[in-house]
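Only one structure is covered here, and it is reproduced in the block below.
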Amino acid sequence: MTGEKEVLKTTCPRDCYDACGIVAIKRDGAITRVLGDPDHPVSRGALCGKCALAYNGVFRDPEVRLQTPLKRAGAKGEGRFEPVSWDAAIGDIAARFARIAEGDGAEKIVHAHYTGTCSLIANNFPMRFLGRLGAREVEPDTVCNMAGHVALDYVIGTSVVGFDPRTAKDSNSIVVWGANPSASAPHQHKHWLKEAPGTVIVVDPVRHPTAEQADIHLQPFPGSDAALAFAMVHVLVRDGLIDRSFLAAHALGWDELEPAIAPCTPAWGEARTGVPAAQIGEAARIYGAGPALLWLGQGLQRQAMGGNVMRACALLPAVTGNFGKPGAGMLYLNGGGRKGVDGDYLSGAAISQSPPSFSQMELAARLEDPADIQAFLCWNINPAASSPEQARLKRALMREDLFTVVVDIFQTDTADYADYVLPAASFLEFDDLVSGYFNLSFSAQAKLQEPLGDSLPNQEIFRRLSRAMGYAEPELYEPDDEIIARIMGQVGVGGSFEEFKRTGTVFPTTKPIVQFPDLAFPTPSGKIEIASARAEADGHPRLPLAEADPKPANGRLRLLTPASPWLMNDSYANDGRIADRMGEATVTLHPEDAAALGLSEGQQVRLSNETGSLELALAVAETIPQGVALSPKGRWPRQEGTRANVNVLNPGIKSDMGESTCVHGVEVEIAAA
Ligand SMILES: Nc1nc2c(c(=O)[nH]1)N[C@H]1C(S)=C(S)[C@@H](COP(=O)(O)OP(=O)(O)OC[C@H]3O[C@@H](n4cnc5c(=O)[nH]c(N)nc54)[C@H](O)[C@@H]3O)O[C@H]1N2
Ligand SMILES: Nc1nc2c(c(=O)[nH]1)N[C@H]1C(S)=C(S)[C@@H](COP(=O)(O)OP(=O)(O)OC[C@H]3O[C@@H](n4cnc5c(=O)[nH]c(N)nc54)[C@H](O)[C@@H]3O)O[C@H]1N2
Ligand code: SF4
Ligand SMILES: [Mo]
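In this note's numbering, each residue carries its 1-based index in the sequence shown increased by 10.
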């Protein structure tokens, strides 16, 4: 280590609310250390624990990273491969795709993708090729948050224009409903919520660290949130805290809904949600005092009635007029469009010939059918870990006549089933842009070192596929620097990319911005649509319903599998130091449930239902309500003794809206193993 030391900035592009700033120390052209950027307003010099380990561990470990294209050399799923050249791999894949496209049609080529990297080019550019090819997409949001997108679109006309977190300085209260920032947004937990002057109210079945530190924690039974929201609205009406002139001017359908509110007293709410009536009243009155922020987590809507839950929760800002003023608003996500990023340009919508996508809840069943899918391409996703019906999906991937290509930076479970594995470069190895989805931040991602081995950024892999297919459209070959310059122009970042990399992160709007400042909502009516003709036309109720899911019957428990603080979705489980910190896979139960089942801490238990079964070690804690079991997502099946993770129990049922996941609605039986 004698070479000159360089300190360079970049940005974490994970699927995370925080979009932290990074500084990397480089010597002799190679990164020696990855740290938090002390100048970054959100992360303030610290990365989360998992990334601090992974970016100094497995992400830069040549022993673990994929370095060369691989061709299957063993039986399907066996995980035996031989290295091949890029030309050979790309040539063979393109020839297969061309044959399918000319034969039964390109819709027989299906691709799944999601959030491996969320940097703008690496996450979107491959869509240009896949659209030009006419491949069918597995709708990515259906495994995550589609119910919420559809529901909020009905109510306020968008799900990607949220409050500006900087406006919290003007809020009297912040409600965090169905999110766990202590795991999924660690710097919002550590700084933003702690520094907010308002009362923090957390609504979550689990008493996670953010709930523990909140001023008030409401602990509803999973899937009962719509009833809780109705009971809170009842209190707001009863106590004269609703803004009738706001409703008259800016909302449609309050008159239709109001009669349904009357029976939803706090006592009615307590019976359906388990939240004490007094607490429902207290939370409603604090919220009603306003101005108030409502953060609707993605965990909240992963329920069978998740769309209805989101519509019901969105009543709170509607009836109290919590829009259009400092300190008020609602947030699900802040999309890139918020900052001017043209998503259609990035993903090449103009040249797309793709047929409609299908829900990821159907993936396993469809992959079984040779008439439906002949080739399967996975990039930025690890469905053998993250998708429902895990055992069925893996069996389907064994199909000898299914041509599977996986693009990843690691040899994942999904990659084990591939005919070709293509090595992607990591975010430390190419230039790109990152748009925060909570804070309104916009950042540079810098190439800090050469890609490991022969790995290539996603965008370059798909440029090569375009070339091998003989496509002529110039957008398929647009170089990264031109895309970066164009997007920086759209966002209004001045100066060169070199300068931007030195700055790291900017907030294109320097002052906190008010959500819907002129109270013009992008719905057909321009108003908040409490009653929605569009929802009705799509076969949903015209109004949100005051309903809670029935409690599981026959001694079953409700299994929640949310984000782990040590894993990023299905990434990092292959990092040795992270695996050590996590220890073995567990399921946590309330002490009374454990006692009733005759189970004790540390013993092996079996979770089972119609879809599958899984053995885990039992943990016992009072942070979990009775009737609920908790086991975080994201372990790698191939690393577990059981060769499975929690998704082996997930039947892949679709939510009421958006054909989306209801992974937090899974029911299981638990017994000694
Ligand atoms: N049981 C249960 N299951 C769930 C959930 C749950 O709450 N419970 N949550 C769901 C949710 S919200 C989501 S978003 C999904 C996420 O599920 P996935 O999208 O499958 O998970 P990720 O770990 O985000 O990314 C997948 C892969 O991208 C790879 N990757 C990283 N960087 C790059 C890159 O630059 N290029 C390429 N080609 N690959 C890269 C990673 O190595 C990883 O293998 O899981 C869903 N599954
Ligand atoms: N460390 C880490 N951070 C991550 C991720 C990760 O895997 N690990 N994943 C990223 C991704 S892709 C996403 S989508 C986000 C997700 O992050 P979040 O939006 O926080 O979603 P989840 O982790 O699924 O669940 C959050 C909380 O929802 C609660 N919950 C479940 N069901 C219900 C319900 O019916 N009602 C209520 N009120 N609460 C409920 C769970 O108990 C959990 O505490 O996090 C991102 N950040
Ligand atoms: S995953 Fe989130 S918290 Fe961790 S470094 Fe990346 S942006 Fe920050
Ligand atoms: Mo997600």
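No residue lacks a Cβ here, since even glycine has one placed at the ideal position from N, Cα and C.
- Residue pairing from DSSP places residue 430 in a beta bridge opposite 81, 415.
- Taking all protein chains in view, the Cβ of residue 14 is surrounded by fewer than 16 other Cβ atoms within 10 Å, so the residue is classified as exposed.
- Relative to ligand 4, residue 190 has its C-beta separated by 8 Å or more from all heavy atoms.
- It is roughly 18 Å from the alpha-carbon of residue 105 to the alpha-carbon of residue 486.
- Closest in C-alpha terms to residue 38, from the list 522, 460, 80, 279, comes 460.
- Residue pairing by DSSP places residue 19 opposite 33 in a beta bridge.
- Collapsing the DSSP output to three states places residue 127 in coil.
- Spanning the alpha carbons of residue 131 and residue 469 requires a straight line of approximately 7 Å.
- The continuous alpha helix (DSSP H) containing residue 327 extends over residues 325–330.
- Residue 223: member of the alpha helix (DSSP H) spanning 219–223, first to last residue.
- The stretch 420–433 makes no contact with the stretch 442–451: fewer than 3 CB pairs, one atom from each, lie closer than 8 Å.
- Per DSSP, residue 672 is not a residue of any alpha helix (DSSP H), being assigned neither H nor E.
- Here DSSP, grouped into helix, strand and coil, assigns residue 140 to helix.
- Relative to the Cα of residue 137, the nearest Cα in the group 425, 299, 367, 201 belongs to 367.
- When Cβ pairs closer than 8 Å are counted between the two stretches, the stretch 175–183 is seen not to touch the stretch 386–401, the count staying below three.
- For residue 513, the three-state secondary structure derived from DSSP is helix.
- Residue 121 carries a strand assignment under DSSP once its states are collapsed to helix, strand and coil.
- Straight across, the Cα-Cα distance linking residue 637 with residue 81 is about 47 Å.
- In the displayed model, residue 422 falls within coil according to three-state DSSP, outside both helix and strand.
- In chain order, the residues positioned with their C-beta nearer than 7 Å to some heavy atom of ligand 4 are 25, 125, 154, 155, 308, 579.
- Relative to ligand 1, residue 622 has its C-beta separated by 8 Å or more from all heavy atoms.
- Note: residue 93 is bridge-paired with 80 in the DSSP secondary-structure output.
- For residue 158, the closest alpha carbon among the candidates 667, 675, 683 is that of 667.
- CA-to-CA, the gap between residue 16 and residue 306 works out to about 41 Å.
- In this structure, the beta-carbon distance from residue 639 to residue 609 does not fall below 9 Å.
- Between the alpha carbons of residue 501 and residue 516 lies a distance of about 10 Å.
- The closest CA to that of residue 642, considering only 140, 180, 216, 103, is found on 216.
- Between residue 294 and residue 246, the C-beta spacing is below 9 Å.
- Taking non-hydrogen atoms of ligand 1 into account, the C-beta of residue 644 is found less than 8 Å away from one of them.
- Distance check between residue 230 and each of 554, 248, 266, 283 places 283 closest, using alpha-carbon atoms only.
- Cβ contact annotation for residue 444 (same chain, cutoff 6 Å, sequence separation greater than five): 21, 23, 29, 129, 453, 455, in chain order.
- C-alpha of residue 302 to C-alpha of residue 335: approximately 10 Å in a straight line.
- Per DSSP, the beta-bridge partners of residue 625 are 616.
- In the DSSP secondary-structure assignment, residue 209 is bridged to 183.
- Straight across, the Cα-Cα distance linking residue 371 with residue 409 is about 19 Å.
- Burial check for residue 476: the Cβ neighbour count within 10 Å reaches 16 or more, so the residue is buried.
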